[in-house]
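Residue numbers (the working numbering): 10 to 340. Where a beta carbon is used, it is the ideal one built from N, C-alpha and C, also for glycine. Small disclaimer: the values here were computed from a predicted structure and weren't measured. Please read the structure below before turning to the comments.
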């Protein structure tokens with residue numbers, strides 16, 4: 010039976026907005042411990058799981074942080090103003106539930122006198138049901154972070170819930186650990202921090218480890234929804250995508266070819282990803298020190314950065330198999 014949803018429940022349920030990844034790190038470390046030789050945490054907070062070898066040094070990265078919000082002001086009536094942590098779209102935020110680290114829950118709503126089409130972040134607020142400012146401050150302080158509080162479910166081959174971006178990449182990295190073949194390569198599975206606020210964790214990790222190759226795992230947009238805003242040749246359920254480029258990186262041909270070769274050997278269907286907007290840790294890996302040949306495996310995901318992201322279980326399983334075979338047999 011697939012472990013994808015089981016792992017997603019554990020990793021996806023941990024509180025971990027950018028800069029506050031401690032709980033996610035603990036969950037992942039416990040799951041990874043039986044399959045690696047060494048687990049450390051770097052100064053930035055990224056989790057580094059090493060399978061020791063004497064051959065090529067390969068760094069595989071999946072970011073474990075999520076987007077979120079941070080409380081910036083509490084008014085006299087007890088309503089909380091906030092700022093985004095990472096990229097948020099106001100259309101995804103209306104009347105949704107959020108959860109703070111201490112367990113306090115609230116609802117994001119908006120100033121109804123403002124026409125809906127004119128709404129901006131400054132017109133939104135969090136309601137924790139407090140009678141006034143004093144009552145609200147017993148529950149939430151300025152500077153507290155909150156995340157989406159939404160259910161997760163599996164239905165057929167689909168998984169839906171918050172923070173598939175990029176907890177599902179972390180799940181794929183964990184699954185790859187479990188199916189490693191014998192290899193001389195020195196493998197580093199790095200669960201990075203603060204990707205959503207500027208790829209801040211991957212760069213320092215790569216700088217310190219000095220890998221020969223870098224491969225990131227992350228989600229990507231899909232082109233399979235009705236009247237999509239721009240055409241994209243990536244569909245949910247059609248296999249993992251090998252990144253060609255995005256707005257921050259041109260992937261190394263050597264890594265792309267290695268991934269394609271591995272897919273052919275495993276008879277895994279793959280897609281070619283060109284993401285016109287956005288980027289991933291791949292760019293930070295590539296630019297480390299004197300440069301690292303880098304590429305990425307992407308998992309097609311719908312409704313990214315909403316509380317109800319959706320992806321395919323089979324895509325995650327195939328991404329894990331593709332990565333494990335590539336780093337043990339091809340590179």
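Exposed or buried, residue 295, counting other C-beta atoms within 10 Å across all chains shown (16 or more means buried)?
buried
Return the CA-CA distance between residue 150 and residue 80, expressed in angstroms with no decimal places.
7 Å
Given a cut-off of 7 Å, decide if residue 135 and residue 117 are closer than it, judged by their beta-carbon atoms.
Going by C-beta atoms, residue 117 is nearer than 7 Å to residue 135.
Closer than 8 Å is the cut-off here; do at least three beta carbon pairs connect the stretch 119-133 with the stretch 280-300?
no
Out of curiosity, what's the CA-to-CA distance linking residue 63 and residue 201?
24 Å
Measuring CA to CA, which of 194, 183 and 100 is closest to residue 119?
Ranking 194, 183 and 100 by Cα distance to residue 119 puts 100 first.
I'd like to check one pair, residue 263 with residue 331: are the Cβ atoms closer than 7 Å?
no
Within-7 Å CB hit, residue 59 to chain B
In summary, chain B is missing from the structure at hand, where a single protein chain is found.
DSSP state of residue 102, grouped into three classes?
coil
Helix, strand or coil for residue 199? Go by DSSP, reduced to three states.
strand
In this structure, how does DSSP classify residue 237 when only helix, strand and coil are distinguished?
It is coil, neither helix nor strand.
Can you list, in chain order, the residues of its chain whose CB lies under 7 Å from that of residue 180, leaving out five sequence neighbours each side?
13, 16, 17, 20 and 325
Alpha helix (DSSP H) containing residue 177: first to last residue?
173-187
Span of the beta strand (DSSP E), counted from its first residue to its last, around residue 136
Run containing residue 136: 133-136, per the beta strand (DSSP E) assignment.
In three-state DSSP terms, what is residue 286?
Annotated three-state conformation of residue 286 is coil, per DSSP.
Residues near residue 218 by beta carbon distance below 8 Å, same chain, minus five either side:
57, 66, 68, 197 and 199
Look up residue 21 in the DSSP assignment and say whether it is helix, strand or coil.
helix
Leaving out the 5 sequence neighbours to the left and right, which residues in its chain are closer than 8 Å to residue 159 when beta-carbon positions are compared?
105, 106, 170, 171, 316 and 317
Does the distance from the CB of residue 178 to the CB of residue 250 come in under 7 Å?
It is not a contact, given that the beta carbons lie outside the stated cut-off.
Hey, is the stretch 296-304 in contact with the stretch 210-224, meaning 3+ C-beta pairs nearer than 8 Å?
yes
Separation of residue 154 from residue 74, as counted between CA atoms:
Using only the alpha carbons, I get a separation of about 12 Å.
Taking residue 208 and residue 292 to be in contact with their CB atoms under 8 Å, please state how far apart those CB atoms are, rounded to whole angstroms.
About 6 Å; that satisfies the 8 Å criterion.
In terms of residues, what are the limits of the beta strand (DSSP E) holding residue 116?
114-119
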